[in-house]
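Each residue of the sequence shown is one higher than the one before, counting from 26 in our numbering.
Beta carbons: idealized from backbone N, C-alpha and C, even for Gly.
Quantities reported herein were computed from a predicted structural model and do not represent experimental measurements.
One structure below.
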Amino acid sequence: MTLHARDVEGTFELFLYRLSGAAVLDSGIYESIEADPRATKQAVAVVLLSAVASGIGASGLVGPHPLVLAAIAALALVTWLAWAMLMFQIGTRLLPEPQTDATLGELLRTTGFAASPGLLQVFAILPGMAIPVFVGVWLWMIGAMIIGVRHALDYQSTGRAVAVCVVAVALALVMAFGFGVIVSPVLS
26 MTLHARDVEG TFELFLYRLS GAAVLDSGIY ESIEADPRAT KQAVAVVLLS AVASGIGASG
86 LVGPHPLVLA AIAALALVTW LAWAMLMFQI GTRLLPEPQT DATLGELLRT TGFAASPGLL
146 QVFAILPGMA IPVFVGVWLW MIGAMIIGVR HALDYQSTGR AVAVCVVAVA LALVMAFGFG
206 VIVSPVLS
């Protein structure tokens, strides 16, 4: 018997169901997340929880510091929003498929839940585990992001979803570099 979102009672139980389904890259979960506007707050929670887990894990490298945790959480939220907006523009304007019909909210929901493997970043706090945990989790989250983008943009092709993610990352890096070049002399 397969469990479906409609069979899960309660908001917290539904959240955990979606969280675990997104982590195991379940296409059906991504479709249900895309279709449910109420999942937006849950997606924000996933991004923030993943960022907190990252901050806790990073404390294994830099030591415990509440400001590091707060900075990582804020940076994760801003980065997620910016990357989702870039992917939305690229996916719907530059690289749409004929059936592409998406909203920014759909993309925010699916990519937010794609951060669910990030909860495991907390294990980077263990001695000698930081690099393997962060690398493994980030690769897992990239895979989840590609699945989330594919579903939010109604793509038939996973390759097109990969292209959207790659182009968005490249543009984000160029913008970050440009911002650094502009701001660097001011801060010197």
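Spatially closest choice to A197 from P142, I115, V208 and V69, by CA coordinates:
For the purposes of this step, residue 197 is taken as residue 172 along the sequence shown, with counting starting at 1. For the residues P142, I115, V208 and V69, the minimum Cα distance to A197 belongs to I115.
Nearest CA to the CA of A47: which residue from G80, W165, M110 and L119?
For this step, residue 47 is matched to residue 22 along the sequence shown. Minimum Cα distance to A47 is reached at W165.
Considering only their Cβ atoms, is the gap separating V162 from L145 smaller than 7 Å?
As a position in the sequence shown, residue 145 is number 120, starting the count at 1. As a position in the sequence shown, residue 162 is number 137, starting the count at 1. Going by C-beta atoms, L145 is nearer than 7 Å to V162.
For a test of the three-state rule: what should DSSP assign to Y285, helix, strand or coil?
Since the displayed the chain opens at 26 and closes at 213, residue 285 lies outside it and no answer follows.
Buried or exposed for H176, please, with buried defined as at least 16 other CB atoms from any protein chain shown within 10 angstroms of its CB.
Position 151 of the sequence shown, counting from 1, holds the residue named residue 176. H176 should be labelled buried.
How many angstroms separate the CA atom of F40 from the CA atom of A140?
Position 15 of the sequence shown, counted from the start, is the residue given in the question as residue 40. Position 115 of the sequence shown, counted from the start, is the residue given in the question as residue 140. Cα to Cα, the separation comes out at about 13 Å.
For T27, name the three-state secondary structure that DSSP assigns.
Taking the sequence shown and counting its residues from 1, the one referred to as residue 27 is at position 2. The predicted model places T27 with a pLDDT of 47, which falls under 50 and marks its position as unreliable, so this point remains unresolved.
Does the Cβ of G184 have 16 or more other Cβ atoms within 10 Å, making it buried, or fewer, making it exposed?
The count along the sequence shown starts at 1 and reaches residue 184 at position 159. The residue in question, G184, is exposed, as its Cβ has fewer than 16 Cβ neighbours within 10 Å.
Output the residue ranges of the alpha helix (DSSP H) runs that lie fully inside the region 100 to 154 and measure 4 residues or longer, sorted by chain position.
Along the region 100 to 154, the alpha helix (DSSP H) occurs as fully enclosed runs of 4 or more residues at 129 to 138, listed in sequence order.
Excluding the 5 residues preceding and the 5 following V187 in the sequence, name in chain order all residues of the same chain whose CB lies nearer than 8 Å to its CB.
Taking the sequence shown and counting its residues from 1, the one referred to as residue 187 is at position 162. Cβ within range, chain order: I171.
Under a three-way DSSP split, which group does P43 fall into?
Against the sequence shown, residue 43 aligns to sequence position 18. Contrary to the premise, residue 43 reads as Arg rather than Pro in this sequence. In the three-state reduction of the DSSP assignment, R43 falls in the helix class.
Nearest-angstrom Cβ-Cβ length linking A155 and G88, presumed shorter than 8 Å
Working through the sequence shown from its first residue, we reach residue 155 at position 130. Working through the sequence shown from its first residue, we reach residue 88 at position 63. No, A155 and G88 are not in contact; Cβ-Cβ is about 12 Å, not under 8 Å.
Identify whether L94 lies in helix, strand or coil by the three-state DSSP scheme.
Here residue 94 is taken as the residue at index 69 of the sequence shown, counted from 1. In the structure shown, the three-state DSSP call for L94 is helix.
Our contact map puts G82 next to A98 with C-beta atoms below 8 Å; I'd like the distance itself, whole angstroms only.
On the sequence shown, position 57 is the one that residue 82 refers to. On the sequence shown, position 73 is the one that residue 98 refers to. Contact between G82 and A98 fails: their C-beta atoms lie close to 13 Å from each other, not under 8 Å.
Please find out if some non-hydrogen atom of the ligand MN comes closer than 6 Å to the beta-carbon of A60.
The model on display carries no ligand, and the ligand MN is accordingly not part of it.
Nearest-angstrom Cβ-Cβ length linking V174 and T128, presumed shorter than 8 Å
Here residue 174 refers to the residue found at position 149 when the sequence shown is read from its first residue. Here residue 128 refers to the residue found at position 103 when the sequence shown is read from its first residue. Cβ-Cβ separation between V174 and T128: approximately 13 Å, too far for a contact (criterion under 8 Å).
Less than 7 Å between C-beta atoms, sequence neighbours within five positions excluded: which residues of the same chain meet that for F148?
The residue you call residue 148 lines up with position 123 of the sequence shown. Setting aside the 5 residues that flank it on each side, F148 is surrounded in the same chain by G82, M154 and V158, each with a C-beta closer than 7 Å to its C-beta; the list follows chain order.
Are there three or more Cβ pairs, one per stretch, closer than 8 Å when the region 99 to 106 is compared with the region 64 to 73?
Judged by Cβ distances under 8 Å, the region 99 to 106 makes contact with the region 64 to 73, as three or more pairs qualify.
With DSSP collapsed to three states, give me the class of R185.
Here residue 185 corresponds to residue number 160 of the sequence shown, with the count starting at 1. The answer is helix: DSSP assigns R185 an H, G or I state.
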